[in-house]
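**Q** Handing you this structure, nothing more for now.
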C-alpha cells in the first residue's frame with residue numbers, strides 16, 4: 397500500500413466561516429418565557445422599589461376606625477385589614493421584605509452547595525462518601541420541618557431565616573452540581589485541562605464550574621419560590637419576620653380568621669406570591685431554552 | 125541515547141460487575157526525541173487506553189494493572205501521584221478525537237490557549253495572549269487576532285482541531301500524544317490537520333505518538349509504527365518496511381484489506397471472525413482463530429514480540445511464530461482467492 401497522495405497544499409487557508417451570519421440570525425429568535433418572566437419579575441421588583449411613590453399610606457399605621465374596609469373603598473384601593481392598615485401599602489412594603497430575604501437566602505446555599513458538589517464530584521472517593529452521607533442526613537428530614545425547627549431554636553427574625561435556609565438548602569445544589577461534575581469530568585475538555593498540567597482549583601473553577609452551573613442556576617429560580625413559600629409559611633406560623641413589619645405570610649395568616657366572610661384578605665397577598673413564583677418559573681424555563689438553543 | 129519515552133509491559137484492566145477485561149496486555153513501546161511514531165489497531169484493540177494509562181488518566185472502572193513508564197530514562201511509575209502528574213504533563217500534551225468536546229464550550233478559544241502559559245509557565249497576561257496569537261498562526265488559523273475571541277461552537281471542525289493543537293503546544297511539550305486526531309474530520313480537512321502536525325514535527329522538533337485505526341493517516345505523519353491487536357503489540361518497525369514486507373499476518377491482512385491504487389485487485393481481503401473476548405484468558409496467539417496461516421503451535425503457545433533478525437530496517441519486531449515465511453503469504457492468499465472464485 398502506498399500513502400494516498402494529497403493533490404493540494406494541506407496548509408492552504410481553510411474555508412471561511414460561511415455559516416456565521418445564519419447563526420447570528422438564529423440567535424435573534426424570541427425567547428418568550430424569558431422575556432415574559434423577566435418583565436413580570438422586573439415589574440414586581442420595580443413596584444417594590446417604588447413603594448413610597450405608589451401609596452401615601454404607612455404600612456404599619458393602624459386606624460381602628462377604618463378596619464375591614466372592602467377593596468375599592470375610597471383611599472384604600474385594596475381595602476384595609478383588621479387593624480385598619482392599608483392592604484395595598486402592606487403588599488408593596490411586604491414585597492420589599494419578602495423578595496430581599498428570599499433572594500438573599502438563596503445566594504449562600506447556592507455558592508456553598510455548588511462548591512461542595514464540585515469537590516465531591518471531582519475528587520470522588522472518601523470525600524464524596526462523607527459529603528454524600530451528610531446530604532442524605534439533611535434530605536431525610538422534610539424541608540419545612542427542619543427549617544421550622546432551626547428558626548424556632550434560634551428565635552424568629554431574618555438572620556435565623558438566612559441561617560436555617562443555608563443549612564438546609566445547600567444540599568440540593570450540591571447534589572445537582574455533583575451529578576453534573578461526574579459527567580463533565582469524563583469529558584475530553586476536562587481531561588485536556590488536566591493534561592495541560594493546570595492547577596486543580598483552576599480546572600474546577602474555570603473549566604468545570606461554568607459548564608455545570610447552569611442546572612444550579614435554573615434550580616435557584618424555583619428555589620427562590622420555595623424559599624419565598626418557606627418565609628411565608630414561617631410568617632404564617634408566627635416565626636417569620638417579626639410584626640409589625642409587613643410580610644405576605646403574616647398577611648395571609650391574619651386574613652385566615654376571616655376567610656369565609658372576607659376572602660380577599662388572604663387571597664390578595666396569596667396572589668402576589670403566585671405571581672412572583674410564576675415570573676421566576678418563566679425565567680427558569682427561558683434559561684433552559686436559551687441553553688438548549690446554543 | 126536515552127529515548128524520550130519508554131513504556132514497558134503496560135497492562136490495563138477494566139473491572140465490570142460480571143467480569144474483568146484485560147484490555148491492554150503488555151504493551152511496550154519507545155518514542156525517541158523528535159520522532160513521530162504511530163500506534164495502529166482496530167477499535168477495541170486497547171490503543172487509546174494504553175495512551176491514557178501512560179498518562180495516568182484512566183476513567184473509573186478502568187485500572188492501571190502494571191507496567192513501567194520511563195521519561196528520559198527515569199521511571200516515573202513509582203513516583204507519588206502529584207509528582208508523576210507534574211513530570212508527565214510537563215513533558216507531554218494531548219490532542220483528542222472530538223475537538224468539540226475537547227474544548228471548553230464556555231471559554232474563548234484564545235483564552236484557552238493562553239491559559240497554560242499564564243497559569244503554568246508564569247507569563248503575564250499580555251505575553252500569554254501574544255503566545256496564543258502566535259500559536260494560532262503556527263497551526264494555520266487565518267486572522268488569529270480576530271479568532272482569539274471566538275467560542276468553540278463558532279468555528280468549523282478543522283479550525284477547532286487546530287485550536288486543540290495550539291493548546292497542546294502551549295505547554296511547550298516535547299511529546300504530543302494524539303488520540304485519533306483526524307477521525308472526526310472529513311478527508312480534505314484531515315489532510316490539512318495532518319499537514320500541520322507534520323510541519324510542527326519538522327519545525328518545532330516535537331515528538332509525536334499518533335494513535336489511529338487508519339493506516340493511511342499514520343503513514344502520512346509517522347516514520348515508525350506499532351501495530352496493536354487485542355491489547356498487544358503484534359508488530360513494529362519503520363513505516364516503509366512494515367508496509368512493504370509485513371512480518372505479522374494481522375498487519376499483512378490489514379494492508380490487503382485496503383485498496384491500493386497502484387495494484388488493481390479484483391477483490392479485497394477480509395479478515396473473517398472477530399477479535400477475541402478479552403474477559404477470557406487466551407491460549408495461544410490471539411490472532412490465531414482468524415489467521416489463514418495458523419498452525420497447531422499458534423493455537424497452543426502465545427508468541428512473544430521478538431526482534432526479526434536480518435530483516436530490512438531494524439529494529440523490527442514481530443509476535444508471530446512464522447514470520448520467516450512471511451514472503452510466501454501473498455502467494456498463498458492469491459491461490460486461496462483464486463480457488464474460491
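Chains as they are written, first to last, in the working numbering: chain Y, 397 to 690; chain R, 125 to 465.
By construction, the Cβ of each residue, glycine as well, lies at the ideal position given by its N, Cα and C atoms.
Figure out for me which residue from Y:554, Y:461, Y:499 and Y:505 has the closest Cα to the Cα of residue 482 of chain Y.
**A** Counting from one through the first chain, the residue named residue 482 of chain Y turns up at place 86. The candidate whose alpha carbon is nearest that of residue 482 of chain Y is Y:461.
**Q** What's the gap between the Cα of residue 225 of chain R and the Cα of residue 497 of chain Y?
**A** If you number the second chain from 1, residue 225 of chain R lands on position 101. If you number the first chain from 1, residue 497 of chain Y lands on position 101. Looking at the two C-alpha atoms, the distance is approximately 40 Å.
**Q** Should residue 446 of chain R be labelled buried (16 or more other beta-carbon atoms within 10 Å of its own) or exposed?
**A** Here residue 446 of chain R is taken as the residue at index 322 of the second chain, counted from 1. With 16 or more Cβ atoms within 10 Å of its Cβ, residue 446 of chain R is classed as buried.
**Q** Closer than 8 Å, Cβ to Cβ, to anything on chain R: give me those residues from the stretch 584-598 of chain Y, in chain order.
**A** 584, 585, 587, 588, 589, 590, 591, 592, 593, 594, 595 and 598
**Q** Spell out whether any CB of chain R is found under 8 Å from the CB atom of residue 688 of chain Y.
**A** Along the first chain, read from residue 1 onward, the residue named residue 688 of chain Y stands at position 292. Taking Cβ atoms only, chain R never reaches closer than 8 Å to residue 688 of chain Y, which makes this a no.
**Q** Could you list which residues in chain R have their beta carbon closer than 7 Å to that of residue 582 of chain Y, in chain order?
**A** Here residue 582 of chain Y refers to the residue found at position 186 of the first chain. Those within 7 Å of residue 582 of chain Y in chain R are 183.
**Q** Give me the subset of the stretch 624-643 of chain Y whose CB atoms are less than 9 Å from a CB atom of chain R, sorted by chain position.
**A** none
**Q** Between residue 453 of chain R and residue 378 of chain R, what straight-line distance do the alpha-carbon atoms span, to the nearest angstrom?
**A** In the second chain, residue 453 of chain R corresponds to position 329, counting from 1. In the second chain, residue 378 of chain R corresponds to position 254, counting from 1. Taking the straight line from one Cα to the other gives about 13 Å.
**Q** By the DSSP assignment, the alpha helix (DSSP H) with residue 134 of chain R in it spans what residues?
**A** Translated into the one-based positions of the second chain, residue 134 of chain R becomes position 10. First-last for residue 134 of chain R: 129-139, but that is the beta strand (DSSP E), not the alpha helix (DSSP H).
**Q** So residue 218 of chain R contacts chain Y; which residues on that side make the cut at Cβ distance below 7 Å?
**A** What you label residue 218 of chain R is simply residue 94 of the second chain in a count that begins at 1. Result: 588 and 591.
**Q** So which residues of chain R does residue 607 of chain Y contact, with C-beta pairs closer than 8 Å?
**A** Start at 1 with the first residue of the first chain, and residue 607 of chain Y comes out as number 211. Near residue 607 of chain Y (Cβ distances below 8 Å), the residues of chain R are 228, 229 and 230.
**Q** When the cut-off is 8 Å and only beta carbons count, does residue 222 of chain R lie next to chain Y?
**A** Residue mapping note: residue 222 of chain R aligns to position 98 of the second chain, counting from 1. The beta carbon of residue 222 of chain R sits closer than 8 Å to some beta carbon of chain Y.
**Q** Measuring CA to CA, which of R:290, R:427 and R:398 is closest to residue 217 of chain R?
**A** Position 93 of the second chain, counting from 1, holds the residue named residue 217 of chain R. The candidate whose alpha carbon is nearest that of residue 217 of chain R is R:290.
**Q** Under 8 Å between C-beta atoms, does residue 603 of chain Y make it to chain R?
**A** Position 207 of the first chain, counted from the start, is the residue given in the question as residue 603 of chain Y. Chain R, which has a Cβ nearer than 8 Å to the Cβ of residue 603 of chain Y, makes this yes.
**Q** Grab the span of the alpha helix (DSSP H) containing residue 504 of chain Y for me, first residue to last.
**A** Taking the first residue of the first chain as 1, we reach residue 504 of chain Y at position 108. Start and end: 483-519.
**Q** With 8 Å set as the bound, which would you pick, yes or no: does the beta-carbon of residue 298 of chain R sit closer than that to a beta-carbon of chain Y?
**A** Walking along the second chain from the start, residue 298 of chain R turns up at place 174. No, because no Cβ of chain Y sits closer than 8 Å to the Cβ of residue 298 of chain R.
**Q** Helix or strand or just coil, what does DSSP make of residue 302 of chain R?
**A** Here residue 302 of chain R refers to the residue found at position 178 when the second chain is read from its first residue. Strand, per DSSP.
**Q** Which residues does DSSP list as the beta-bridge partners of residue 441 of chain R?
**A** One-based indexing of the second chain puts residue 441 of chain R at position 317. Looking at the DSSP assignment, residue 441 of chain R forms a beta bridge with R:360 and R:431.
**Q** Following the continuous beta strand (DSSP E) through residue 451 of chain Y, name the residue where it begins and the one where it ends.
**A** Within the first chain, numbered from 1, the residue matching residue 451 of chain Y stands at position 55. No beta strand (DSSP E) holds residue 451 of chain Y; DSSP gives it neither H nor E.
**Q** Assuming residue 627 of chain Y and residue 494 of chain Y form a contact by the criterion Cβ under 8 Å, report the distance between their Cβ atoms to the nearest whole angstrom.
**A** Sequence index remark: in the first chain, residue 627 of chain Y carries index 231 (1-based). Sequence index remark: in the first chain, residue 494 of chain Y carries index 98 (1-based). Yes, they are in contact, since the Cβ atoms of residue 627 of chain Y and residue 494 of chain Y sit about 6 Å apart, within 8 Å.
**Q** Taking buried to mean at least 16 other C-beta atoms within 10 Å of its own C-beta, is residue 516 of chain Y buried or exposed?
**A** Against the first chain, residue 516 of chain Y aligns to sequence position 120. It counts as buried.
**Q** Is there a Cβ from chain Y that is less than 8 Å from the Cβ of residue 214 of chain R?
**A** Working through the second chain from its first residue, we reach residue 214 of chain R at position 90. Interface residue, yes.
**Q** Can you tell me the Cβ-Cβ gap for residue 558 of chain Y and residue 501 of chain Y, rounded? I've got them flagged as a contact below 8 Å.
**A** Along the first chain, read from residue 1 onward, the residue named residue 558 of chain Y stands at position 162. Along the first chain, read from residue 1 onward, the residue named residue 501 of chain Y stands at position 105. About 5 Å separates the beta carbon of residue 558 of chain Y from that of residue 501 of chain Y, a gap short enough to meet the 8 Å contact definition.
**Q** Using CA atoms only, rank isn't needed, just tell me which of R:276, R:344, R:428 and R:246 is closest to residue 231 of chain R.
**A** If you number the second chain from 1, residue 231 of chain R lands on position 107. Closest by alpha carbon: R:276.
**Q** By a C-beta neighbour count over all protein chains shown, 10 Å radius and 16 as the cutoff for buried, is residue 537 of chain Y buried or exposed?
**A** Here residue 537 of chain Y corresponds to residue number 141 of the first chain, with the count starting at 1. When all chains shown are included, residue 537 of chain Y counts as exposed.
**Q** When you compare the CB of residue 247 of chain R with every CB in chain Y, is at least one pair closer than 8 Å?
**A** Position 123 of the second chain, counting from 1, holds the residue named residue 247 of chain R. It does not; no Cβ of chain Y falls within 8 Å.
**Q** If I measure Cβ to Cβ from residue 399 of chain Y and keep anything under 8 Å in the same chain, skipping five residues before and after, which residues do I get?
**A** Residue 399 of chain Y sits at position 3 when you count from the first residue of the first chain. Low per-residue confidence applies at residue 399 of chain Y: pLDDT is 49, beneath 50, and the placement is therefore not dependable enough to give any value.
**Q** Determine whether the beta carbon atoms of residue 165 of chain R and residue 351 of chain R lie at a separation below 8 Å.
**A** For the purposes of this step, residue 165 of chain R is taken as residue 41 along the second chain, with counting starting at 1. For the purposes of this step, residue 351 of chain R is taken as residue 227 along the second chain, with counting starting at 1. In contact: residue 165 of chain R and residue 351 of chain R (Cβ atoms closer than 8 Å).
**Q** Are any of the Cβ atoms in chain A nearer than 8 Å to that of residue 291 of chain R?
**A** Given the protein chain composition of this structure (Y and R), no chain A is represented.
**Q** Check residue 194 of chain R in the structure and name its three-state DSSP category.
**A** Reading the second chain from its first residue, position 70 is the one you call residue 194 of chain R. Strand.
**Q** Out of Y:613, Y:663, Y:634 and Y:532, which one is the CA nearest neighbour of residue 677 of chain Y?
**A** To locate residue 677 of chain Y, count along the first chain from 1; it is residue 281. If we check each option's Cα against that of residue 677 of chain Y, Y:613 comes out closest.
**Q** Within 10 angstroms of its Cβ, does residue 346 of chain R collect 16 or more other Cβ (buried), or is it exposed?
**A** Along the second chain, read from residue 1 onward, the residue named residue 346 of chain R stands at position 222. Buried: at least 16 other Cβ atoms inside 10 Å.
**Q** Which word fits residue 466 of chain Y, buried or exposed, when buried means at least 16 other C-beta atoms lie within 10 angstroms of its C-beta?
**A** As a first step, residue 466 of chain Y is located in the first chain; it is residue number 70 there, counting from the start. It counts as exposed.
**Q** Just the C-alpha distance for residue 227 of chain R and residue 150 of chain R, rounded to the nearest angstrom, thanks.
**A** Position 103 of the second chain, counted from the start, is the residue given in the question as residue 227 of chain R. Position 26 of the second chain, counted from the start, is the residue given in the question as residue 150 of chain R. The alpha-carbon atoms of residue 227 of chain R and residue 150 of chain R are separated by roughly 32 Å.
**Q** Per DSSP, which one or two residues make a beta bridge with residue 310 of chain R?
**A** As a position in the second chain, residue 310 of chain R is number 186, starting the count at 1. In DSSP, residue 310 of chain R forms no bridge with anything.
**Q** Can you name, in chain order, every residue of its own chain whose Cβ lies under 6 Å from the Cβ of residue 442 of chain R, other than the five neighbours on each side?
**A** Taking the first residue of the second chain as 1, we reach residue 442 of chain R at position 318. So the list reads 359, 371, 372 and 432, once near-sequence residues are dropped.
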